[in-house]
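Chains as they are written, first to last, in the working numbering: chain G, 1 to 140; chain Y, 141 to 280; chain D, 281 to 420. We put the CB at the ideal spot given by N, CA and C, even for glycine. Just so it is clear, the structure is predicted and the values come from calculations on it, not from any experiment.
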Amino acid sequence: MPADIPFNAPVCLEVRTSRRVELTAITPLVQQVVKDSGLTSGLCVVYVPHTTAGVTINENADPDVVADLEAALAQLVPREGEYRHLEGNSDAHVKASLMGSSVSILVQDGDLLLGRWQGVFLCEFDGPRSRSVYVKLLGG
Amino acid sequence: MPADIPFNAPVCLEVRTSRRVELTAITPLVQQVVKDSGLTSGLCVVYVPHTTAGVTINENADPDVVADLEAALAQLVPREGEYRHLEGNSDAHVKASLMGSSVSILVQDGDLLLGRWQGVFLCEFDGPRSRSVYVKLLGG
Amino acid sequence: MPADIPFNAPVCLEVRTSRRVELTAITPLVQQVVKDSGLTSGLCVVYVPHTTAGVTINENADPDVVADLEAALAQLVPREGEYRHLEGNSDAHVKASLMGSSVSILVQDGDLLLGRWQGVFLCEFDGPRSRSVYVKLLGG
Numbered sequence: 001m002p003a004d005i006p007f008n009a010p011v012c013l014e015v016r017t018s019r020r021v022e023l024t025a026i027t028p029l030v031q032q033v034v035k036d037s038g039l040t041s042g043l044c045v046v047y048v049p050h051t052t053a054g055v056t057i058n059e060n061a062d063p064d065v066v067a068d069l070e071a072a073l074a075q076l077v078p079r080e081g082e083y084r085h086l087e088g089n090s091d092a093h094v095k096a097s098l099m100g101s102s103v104s105i106l107v108q109d110g111d112l113l114l115g116r117w118q119g120v121f122l123c124e125f126d127g128p129r130s131r132s133v134y135v136k137l138l139g140g
Numbered sequence: 141m142p143a144d145i146p147f148n149a150p151v152c153l154e155v156r157t158s159r160r161v162e163l164t165a166i167t168p169l170v171q172q173v174v175k176d177s178g179l180t181s182g183l184c185v186v187y188v189p190h191t192t193a194g195v196t197i198n199e200n201a202d203p204d205v206v207a208d209l210e211a212a213l214a215q216l217v218p219r220e221g222e223y224r225h226l227e228g229n230s231d232a233h234v235k236a237s238l239m240g241s242s243v244s245i246l247v248q249d250g251d252l253l254l255g256r257w258q259g260v261f262l263c264e265f266d267g268p269r270s271r272s273v274y275v276k277l278l279g280g
Numbered sequence: 281m282p283a284d285i286p287f288n289a290p291v292c293l294e295v296r297t298s299r300r301v302e303l304t305a306i307t308p309l310v311q312q313v314v315k316d317s318g319l320t321s322g323l324c325v326v327y328v329p330h331t332t333a334g335v336t337i338n339e340n341a342d343p344d345v346v347a348d349l350e351a352a353l354a355q356l357v358p359r360e361g362e363y364r365h366l367e368g369n370s371d372a373h374v375k376a377s378l379m380g381s382s383v384s385i386l387v388q389d390g391d392l393l394l395g396r397w398q399g400v401f402l403c404e405f406d407g408p409r410s411r412s413v414y415v416k417l418l419g420g
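Encoded structure:
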């Protein structure tokens, strides 16, 4: 994102996922958007425009944490069930709503104000495929 | 919302629900607020000021998707259980927190920047009744 | 927060929790930040920079409601399970993502635009300990 694009243009990231269910860390990609924008203070909204994927913030240090989150969601919302929707991905739609379609992160001193262990994860629930992630910055 | 009201006045929508549990599409109502405001770029926050209702974004094409979501939530949080709260709607409170009280949607080119299949749903968990939904626009 | 600090400085609240799992009402603390800021209209983002705690909005009147929410989450995500992460707090990470790391609340007439029964709750899932909560205000 060149410096002459105003803050208000959302950036669209393309993320390739590699499994049906996969929490993919996208923190560096989001941080890069903030840095490229020159924004020093405000809000960063990470938005997923899909209905079988979501986004969440969780621990980025031990990959077992998101593996446990994937497994816990699989137990809560089994892939097979008495679903009406015939595409075989109702579990993915339910998980997307449980995680949510966006996260809001504070921007301070030109960077994401994440906690020490926090990372941003695209939550793929019906992959593998290519997913879009919008990053919107608001000054303030 | 007349054109002379500034962006910062939240609009309050009234939505009538017709069942105890019902995911009601409100996308056109929210889009109309954006259009009436004249806002071209920014953020749209849809906020539900209730504790037994929430809001989520999911597929708007096949109604079976939200029917499956309603059923999955009913399985996760049964209406009857060993609840302490005596009003008989503890399941509704739990589901409201699982879905969340707000969604944030990007505004670009004067419209909601939703994905192709996405719609905004008021999540009624203790109806039927009349519900309020606030729509707040932030430029940027 | 003194009046001469601009709106864009996030305020960091420190909240002491007293149990392993505890939904702690922080509404008055957040309201005080809004009042001290002098902001009349905009958005208040409450952000939790932890990965075993979250934040939610639910009923503030009857404490049994959040007790039921704590119990329902314990049933959905048991403390003991076939988790990979070895710190014994995988359930806390899962619950944190189910509740979410932030809530967005409208600000109008210099106060939080909460519903009559709504309160803001820090969701402690791996306490007791001291937790940080960021409050960010955006005018608009």
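Requested in this report: Go through the stretch 291–351 of chain D residue by residue and report every complete run of the beta strand (DSSP E) that reaches 3 residues or more, in order.
Outcome: Taking only runs of at least 3 residues, the beta strand (DSSP E) segments lying wholly in the stretch 291–351 of chain D are 291–296, 302–305, 322–327 and 333–339.
Query raised in the report: Start and end of the beta strand (DSSP E) containing residue 122/G?
Result: 118–124
Query raised in the report: How about the stretch 257–276 of chain Y and the stretch 181–199 of chain Y: do they share at least three Cβ pairs that are nearer than 8 Å?
Result: yes
Query raised in the report: For residue 201/Y, which residues from the same chain have a beta carbon less than 6 Å from its beta carbon, with the 5 sequence-adjacent residues on both sides left out?
Result: Exclusion of the five residues before and after residue 201/Y leaves 257 as the residues of its chain whose Cβ lies within less than 6 Å of its Cβ.
Query raised in the report: In three-state DSSP terms, what is residue 2/G?
Result: With a pLDDT of only 41 at residue 2/G, under the threshold of 50, the placement of this residue in the model should not be trusted; the figure read from the coordinates follows. In the structure shown, the three-state DSSP call for residue 2/G is coil.
Query - Inter-residue spacing [alpha-carbon to alpha-carbon] between residue 108/G and residue 24/G - result: Straight-line Cα distance between these residues: approximately 24 Å.
**Report entry** Minimum C-alpha distance to residue 152/Y - residue among 192/Y, 228/Y and 174/Y
**Finding:** Minimum Cα distance to residue 152/Y is reached at 174/Y.
Query - Under 8 Å between C-beta atoms of residue 261/Y and residue 166/Y - result: yes
Query raised in the report: By Cβ distance below 7 Å, which residues in the same chain neighbour residue 218/Y in space, the five residues on each side in sequence not counted?
Result: Taken in chain order, the residues that qualify are 231.
Query raised in the report: Closest Cβ-Cβ distance between residue 56/G and chain D: below 8 Å?
Result: The beta carbon of residue 56/G sits closer than 8 Å to some beta carbon of chain D.
Query raised in the report: So, is the C-beta of residue 262/Y closer than 8 Å to a C-beta in chain G?
Result: By this cut-off, residue 262/Y is not an interface position.
Query raised in the report: Would a C-beta distance cut-off of 8 Å place residue 51/G and residue 198/Y closer than the cut-off?
Result: yes
Query - Spatially closest choice to residue 309/D from 295/D, 381/D, 329/D and 302/D, by CA coordinates - result: 295/D
Query raised in the report: Who are residue 139/G's beta bridge partners in DSSP?
Result: As a beta-bridge residue in DSSP terms, residue 139/G pairs with 42/G.
Query - Partners in chain G for residue 162/Y, counting only beta-carbon separations shorter than 7 Å - result: Near residue 162/Y there are no residues of chain G at all, since even the closest Cβ is about 15 Å away, more than 7 Å.
Query raised in the report: Anyone know if the C-beta pair for residue 246/Y and residue 10/G falls short of 8 Å?
Result: yes
Query raised in the report: So is residue 169/Y in contact with chain D if we call contact Cβ pairs under 8 Å?
Result: no
Requested in this report: With DSSP collapsed to three states, give me the class of residue 234/Y.
Outcome: helix
Query raised in the report: Which residue's Cα is closest to the Cα of residue 38/G: 22/G, 63/G, 130/G and 8/G?
Result: 8/G
Query raised in the report: Start and end of the beta strand (DSSP E) containing residue 103/G?
Result: 102–108
Report task. Note down, in chain order, all residues in the stretch 92–124 of chain G with a beta-carbon under 8 Å from any beta-carbon belonging to chain Y. Result -> 93, 94, 96, 97, 98, 100, 101, 102 and 104
Report task. Return the CA-CA distance between residue 244/Y and residue 345/D, expressed in angstroms with no decimal places. Result -> 26 Å
Query - 8 Å Cβ cut-off: residues of chain D touching residue 268/Y - result: Within chain D, no residue comes near residue 268/Y; the closest Cβ sits about 18 Å away, beyond 8 Å.
**Report entry** Proximal residues of chain Y, C-beta to C-beta of residue 361/D below 9 Å
**Finding:** Under the 9 Å cutoff, chain Y gives no residues; its nearest Cβ is about 16 Å from residue 361/D.
Query raised in the report: Considering only C-alpha positions, which residue in the set 130/G, 72/G, 36/G and 17/G is nearest to residue 112/G?
Result: 36/G
Query raised in the report: residue 392/D bridges to which residues according to DSSP?
Result: 387/D
Query raised in the report: For chain G, is any of its Cβ atoms less than 8 Å away from the one on residue 177/Y?
Result: no
Query raised in the report: For residue 250/Y, which residues from the same chain have a beta carbon less than 6 Å from its beta carbon, with the 5 sequence-adjacent residues on both sides left out?
Result: 180
Query raised in the report: According to DSSP, which residues form a beta bridge with residue 363/D?
Result: In the DSSP output, where bridge partners are listed per residue, residue 363/D has none listed.
Query raised in the report: Hey, residue 380/D and residue 240/Y: beta-carbon distance below 8 Å or not?
Result: yes
**Report entry** Short CB-CB distance (under 8 Å) between residue 69/G and chain C
**Finding:** Considering every chain present, this structure includes no chain C. Its protein chains are G, Y and D.
Query raised in the report: To the nearest angstrom, how far is it from the Cα of residue 222/Y to the Cα of residue 20/G?
Result: 36 Å
Report task. Tell me, please, which residues DSSP counts as bridged to residue 133/G. Result -> 13/G
Query raised in the report: Which same chain residues, not among the five before or five after residue 189/Y, have their C-beta less than 7 Å away from its C-beta?
Result: 272 and 274
Query raised in the report: Does any residue of chain Y bring its CB to less than 8 Å from the CB of residue 345/D?
Result: yes
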